[in-house]
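Encoded as structure tokens, the structure appears first; notes follow it.
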Amino acid sequence: MSEGVRRRATAADLAPITALDARCFGNPWSEEIYRQELERSLSRLMVLEADGRIVGLSCTWVVGDEAHLLRIATVPELRRRGLGRELLRAAIDDAIAAGCAIMLLEVAAANEPARALYEAFGFEELARRKGYYKRPPDDAVVMQRRLRARDMPA
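Count along the sequence shown starting at 1, add 1, and that's the number in our numbering.
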């Protein structure tokens, strides 16, 4: 696989983004939800493209001085190759550039690989939402990270 290129998503990306989301989440977003994210001024919908196909996505909202990471996903067959790390690092960089002081996210309690990635980037558990996810049933772990440009992991 060649090195990925991260860019803003476009309407032409909606079908592959929706297909990727459906492969990665038990509660997939529809194409219409992603279309709304493209149009929403506070939303940063990004894709990671390699070898002519979308291999990752992230969706972050910037609300005042807070960034909310709503979605991050990579194609399952390319996991553990640094794509999620690249997407997360870029989302944090974008939030810092936008003047955000904090980034928040929620993740399924059972999603240990994602939680380990977030913790490696300095996210800490803030709260738990019991029974939040329905497919499959799980708690949501709300995590936060204060944003400072000087403490990004390598």
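Glycine included, C-beta positions come from ideal geometry on N, C-alpha and C.
Only a predicted model underlies this, so the values are computations on that prediction, with no experimental measurement involved.
Counting C-beta pairs with one atom in each stretch, the region 22-31 and the region 5-13 have fewer than three that are closer than 8 Å, which means they do not touch.
For Pro-17, the uninterrupted alpha helix (DSSP H) run begins and ends at 15-25, by DSSP.
In this chain, Pro-114 is not harboured by any beta strand (DSSP E); it is covered by the alpha helix (DSSP H) spanning 113-121. Only residues of its own chain outside the window of five on either side were considered, and among them Ala-12, Leu-15 have a CB closer than 8 Å to the CB of Arg-36, listed in chain order. By the CB criterion at 8 Å, Leu-49 and Val-56 fall inside the cutoff. Nearest neighbour of Leu-105 by Cα position, chosen from Arg-129, Pro-29, Ser-42, turns out to be Arg-129.
Inclusion of Ala-96 and Val-63 in the CB contact set at 8 Å is warranted, their separation being smaller than that value. Going by DSSP, Glu-40 is part of the alpha helix (DSSP H) stretching over 32-40. Within its own chain, the residues whose Cβ lies closer than 6 Å to the Cβ of Ala-68, once the five positions on either side in sequence are excluded, are Thr-61, Ala-96, Cys-101, Met-104, listed in chain order. For the options Gly-65, Gly-53, Ala-51, Ser-59, the alpha carbon positioned closest to that of Leu-43 is the one of Gly-65. Each of Lys-131, Arg-136, Asp-139, Leu-127 was checked against the Cα of Arg-147, and the nearest Cα belongs to Leu-127. Per DSSP, the unbroken alpha helix (DSSP H) holding Gly-85 starts and ends at 84-98. When the Cα atoms are used, Ala-92 and Leu-70 turn out to be separated by approximately 8 Å. In the assembly as shown, Val-76 is a buried residue. Its beta-carbon has 16 or more other beta-carbons within 10 Å. Taken atom to atom, the span from the alpha-carbon of Gly-27 to that of Glu-33 is near 17 Å.
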